[in-house]
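First comes the structure, then the notes that go with it.
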Amino acid sequence: MNYKTHILVVDDEKVVRDGCSKVLTGRGYEVYTAENGEQAIYMLKDKNIDLILLDLKMPGMSGEELLEIVVNKYPDLPVIIITGHGTVDTAVECMKKGAYDFITKPFQIDQFLLTISRAAEKRRLEKQARQLEEERSKNLYDLSLEKSRLKTIINCMANGVMVTNRALEVVLHNPALMRMMEIKGELESPIPINKVINNETLIHTLKGIIDTNVKKNEAFSQELSIGNKYIRAISAAALGPDNNIVGTVTVLEDITPFKRLDEMKTDFINMVVHELRSPLVAIRQMNSVLLEELAGPLNEKQKDFVNREISRIDELLNLINDLLDVAKIEAGRYVQHLVPTDICKIVEKVVSLMQERARNQGIDLLYSCENVGLVSADPESIEEVFNNLISNAINYSPDGGKVVVLVKGRGEYIEIKVSDTGIGIPREEIPKIFDKFYRVKDSKTRRVTGTGLGLYIVKNIIDAHKGSINVESEVGKGTTFVIFLPMAK
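Counting in our numbering, the sequence shown runs from 49 upward without gaps.
Laid out in structure tokens, this is it:
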């Protein structure tokens, strides 16, 4: 940006004013003139003057008097004294009082322009320095204001906030964190993280964020047990101006009330299902007695009614069993007894139990076991897996379909495939099928009853055995569940 210096020439001689104006205008300066001190004072108020050329000997207000006014009112404005040879001493005295420099008449053009140039450069640099200082002050003020706002927001948050540097020292925290950790008094900054939160799981996560190349927008959520509290911690990398990781930011939420509520809900469900199970079993037994005609003969219509009632009771009992299984899974007590287990025997048992049901629906149920060793497993849980998968395969296959169970040894793992030629699963539904209570919504699946808990239970059983389960499906052609379980060592 080009900046034009504005010069005010104050001299009672017109020839001097005109001469200075002509020379300086030709060099790119903006020139104003005044023939006495009063005019000069008016122009200083009206114009943005950068430099004054001031004659000492003027009628009325002298140059020295004007200099005194300028120095008091405009202390940053350079003043160059115009003087004759006989008044050089006076000019020197003026410099002591605040003038920038002096030039003598008659002017030497080169010396005259050099003096003007130095004074104009001084003025320009001073204005630039002042502008930078003002910008710096404004930036510092904005930064201080932003910091104050941020501090206010953080301090008012109900969740705890903790910021660490790369050395895992806490450099910023809020009162909510202090309350959560039951810390009284003030904390020095920085302070090692284990003086604030001594939890190895969280510290390990934060070390991983700093030491590994995590994605810049990646966050890690985990539940921690600290004292008698349950804490959810969400941690992410803190980035510097160059987008490098300079530390970590963690937001901590006390979820103890929600955990307690969840435990109450689980206890309530367990109580209800246990209380429901006993009378339902008793009712089923009484209906079985009726069906076997131990209480007297039944006609065909009565037998049909009793069979339907038993079928509905079985559905309720299955729901109760599923709810009990889910409660055990969520409490971490579902898979408890791991023993060397022959998977093929379990498959053979489940298939034999399902054969009649498959035949009634016109479905071929086949199985094959090859090169299979023992698996360290809970036999009842693994049987539950096959019951769910084979039952689903039969339910969702049309009459005349086929269900195949294949078990093969694959090195240190056993591969299990349960395939059907059924209706298949739409691609967008596949990621959701292992969710609790989720069922594929389709006109073809309405006839199939269920709770939506079977695959959720299956997934959790396989995870508890350190295995994996995946699904491959194509609408109209069928579905295959693929399980890998580690062999017993």
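Even for Gly, the Cβ is constructed at its ideal location relative to N, Cα and C.
Since this is a predicted model, take the numbers as computed values, not measurements.
- In this chain, H513 is not harboured by any beta strand (DSSP E), its DSSP state being neither H nor E.
- A residue is called buried once 16 or more other Cβ atoms fall within 10 Å of its Cβ, and D59 is buried on that count.
- Counting C-beta atoms within 10 angstroms of its own C-beta, N222 has 16 or more neighbours from the protein chains shown and is therefore classed as buried.
- Between N242 and I251, the beta carbon gap of about 7 Å places them in contact (Cβ cut-off 8 Å).
- Taken through DSSP and simplified to helix, strand or coil, R214 comes out as coil.
- Here C68 is buried. Its C-beta has 16 or more other C-beta atoms within 10 Å.
- Check the Cα spacing between D259 and each of E234, A215, I279: the tightest is with A215.
- In the displayed model, G74 falls within a helix according to three-state DSSP.
- Within a 10 Å sphere around the beta-carbon of Y444 sit 16 or more other beta-carbons, which makes this residue buried.
- By the Cβ criterion, the region 449-456 is in contact with the region 399-417, since at least three pairs of Cβ atoms, one from each stretch, lie closer than 8 Å.
- When K93, D94, I100 are compared, the shortest CA-CA separation from Y77 is found for I100.
- Assignment of N518 by DSSP, reduced to helix, strand and coil, places it in the strand class.
- In this structure, the beta-carbon distance from G526 to G470 falls below 7 Å.
- Per DSSP, the beta-bridge partners of L454 are S416, K465.
- In this structure the region 110-123 touches the region 144-153; the number of beta carbon pairs closer than 8 Å is three or more.
- The beta carbons of Y415 and F532 sit no closer together than 7 Å.
- In terms of Cβ geometry, D302 and M228 form a close pair [threshold 7 Å].
- When the Cα atoms are used, I279 and E311 turn out to be separated by approximately 16 Å.
- The alpha-carbon of I151 is positioned some 32 Å away from that of E181.
- L365 sits close to L328, with the two beta carbons spaced by under 7 Å.
- Looking at the DSSP output, S269 sits in a beta bridge with I282.
- L56 and Y90 do not touch by the CB rule: their CB atoms are close to 11 Å apart, not below 8 Å.
- DSSP places D60 in the coil class of the three-state scheme, outside both helix and strand.
- Of all C-beta pairs linking the region 506-521 to the region 422-432, three or more are shorter than 8 Å, placing the two stretches in contact.
- Put simply, of N247, T138, V219, N246 the residue whose alpha carbon is nearest the alpha carbon of E234 is V219.
- Residue I157 holds the alpha-carbon nearest to the alpha-carbon of G74 among N246, I157, V321.
- Excluding residues up to 5 positions away in sequence, Y278 lie with their Cβ nearer than 6 Å to the Cβ of K307 in the same chain.
- Of the candidates P534, G502, I473, T131, P534 places its Cα closest to the Cα of G515.
- In this structure, A285 and L272 do not form a Cβ contact; the two beta carbons are roughly 19 Å apart against a cut-off of 8 Å.
- DSSP places P427 in the uninterrupted alpha helix (DSSP H) bounded by 427-443.
- In this structure, the alpha-carbon of I164 lies about 15 Å from that of P154.
- Taking 3 residues as the minimum length, the beta strand (DSSP E) runs contained wholly in the region 80-124 are 99-103, in order along the chain.
- Inter-residue distance for F434 and K484 is about 18 Å (C-alpha atoms, whole angstroms).
- In the three-state scheme derived from DSSP, where H, G and I count as helix and E and B as strand, V321 is classed as helix.
- Excluding five sequence positions before and after L386, the CB atoms of its chain that fall closer than 7 Å to its own CB belong to S424, A425, D426, given in chain order.
- In the three-state DSSP reduction, F306 falls in the helix class (H, G or I).
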